[in-house]
Amino acid sequence: MKQKHQTKNKSLISGAEPFYLETSNEVTLFEAAYFERVPIMLKGPTGCGKTRFIEYMAFRLNRSLITVACHEDLFASDLIGRFLLKNDETVWNDGPLTKAVRAGAVCYLDEIVEARKDTTVVIHPLTDNRRTLYIDKKGETIQANDNFIMVISYNPGYQSVLKDLKQSTRQRFIAIDFDYPDADKEAVIVAHEGNIEMKTAEQLVSLAGKIRNIREHGLTEGASTRLLIYAAQLIRRGIPDNEAVRSAVCLPLTDDKRLLETLTDLIDDIF
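According to this note's numbering, the sequence shown holds residues 6 to 276 in order.
Encoded structure:
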């Protein structure tokens, strides 16, 4: 059976350190929670650096990172594992959550609210003092490796009655709040990740600030740091500034012609 979930198993221990610029006390908070084995929830808008932060912390703590991109078709068996037919035999295949529990990895459930509520319940025994995972298909209870830690993330901007975390899940985590970095730090990030001059990075960040200020006029979300980096990468490849910004920042944000005209005017004012 083909698994529907998307997972990434990264061992960052021997690789290059991921670039991350601390914006507040998030590193100190994460480390304190990790050493106390307290589950962690990252809250913040799309593209503000939550995933890069967790990659950086896994590297800093010398732990492997297993990431699951959550979605509405994510079932408990996608996390825990399932029996598969192999060479005319039925063999058990651990899912990403089970692998993390056994190995003592950082297990990161990205955009947890996208998953089915009956799926997220399986993490409850792992996020209290029990720190256990029960595999009902095998009748096996696994005690989490001492180094295992559960991390989830979600975007509060997408909360609704249908897509929100249960209180029974929420109150098992400490929360670290994320937002877009201050302009000076965001410019450093964009310049580094996009490999462009600081002046251009500052222009991109200035544009993002103006776009974020008009969210109430119809944009669901403001321009993310990720989109600014995409624009920087296009510019680095020789795409004219205006064209790169329109393609990487404006068009992904909206299809509304009136809003696109407004965004184009902002671009022309800055570039």
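Glycine included, each C-beta is placed from N, C-alpha and C at the ideal position.
DSSP three-state label for Cys255, please.
helix
Verify whether the separation of the beta carbon atoms of Gly162 and Thr225 is less than 9 Å.
yes
Suppose you measure from the CA of Lys55 to the CA of Ala74; what does that come to, to the nearest Å?
13 Å
Leaving out five residues before and five after Val210 in sequence, what residues of the same chain have Cβ atoms less than 7 Å from its Cβ?
These residues qualify, in order along the chain: Ala188, Glu191, Ala192, Val195 and Leu233.
With distances taken from CA atoms, which of Leu239, Asp182 and Leu256 is nearest Ser29?
Asp182
Taking C-alpha atoms, which residue in Leu239, Pro130, Ala63 and Pro257 lies nearest to Ala206?
Considering only alpha carbons, the answer is Leu239.
For the candidate residues Phe80, His76, Ala149 and Gly100, whose alpha-carbon lies nearest to that of Gly86?
For Gly86, the nearest C-alpha among the options comes from Gly100.
By how many angstroms is the C-alpha of Gly199 removed from the C-alpha of Ala236?
8 Å
Does the distance from the CB of Leu66 to the CB of Val111 come in under 9 Å?
Annotated as proximal: Leu66 and Val111, with beta-carbon spacing under 9 Å.
Can you give me the Cβ contacts of Val250 inside the same chain, cut-off strictly under 6 Å, excluding the 5 residues immediately before and after it?
The residues are Ala236 and Ile272.
What are the start and end residues of each continuous beta strand (DSSP E) run of 3 or more residues lying completely inside the segment 124–196, in chain order?
Entirely contained in the segment 124–196, the beta strand (DSSP E) runs reaching 3 residues are, in chain order, 137–140, 145–148, 154–159 and 179–182.
State the Cα-Cα distance for the pair Glu119 and Gln148, rounded to the nearest angstrom.
Taken atom to atom, the span from the alpha-carbon of Glu119 to that of Gln148 is near 27 Å.
Please specify which runs of the alpha helix (DSSP H), each continuous and at least 4 residues long, are wholly inside the segment 34–114, giving them in chain order.
Whole alpha helix (DSSP H) segments, 4+ residues: 55–65, 81–85 and 101–108.
Cutting at 6 Å between CB atoms, please list the residues of its own chain near Val166, excluding the five before and the five after it.
For Val166, the predicted structure reports a pLDDT of 45, less than 50, and the residue's modelled location is therefore unreliable. The matter cannot be settled from this model.
Less than 9 Å separating the beta-carbons of Glu116 and Ser82?
It is not a contact, given that the beta carbons lie outside the stated cut-off.
Under a Cβ-count criterion, where at least 16 other Cβ atoms within 10 Å of its own Cβ denotes burial, should Leu256 be classed as buried or exposed?
exposed
For a test of the three-state rule: what should DSSP assign to Leu26, helix, strand or coil?
Annotated three-state conformation of Leu26 is coil, per DSSP.
With distances taken between CB atoms, is the gap from Pro278 to Ile179 smaller than 9 Å?
This structure gives no information on residue 278, because the portion of the chain shown stretches from 6 to 276.
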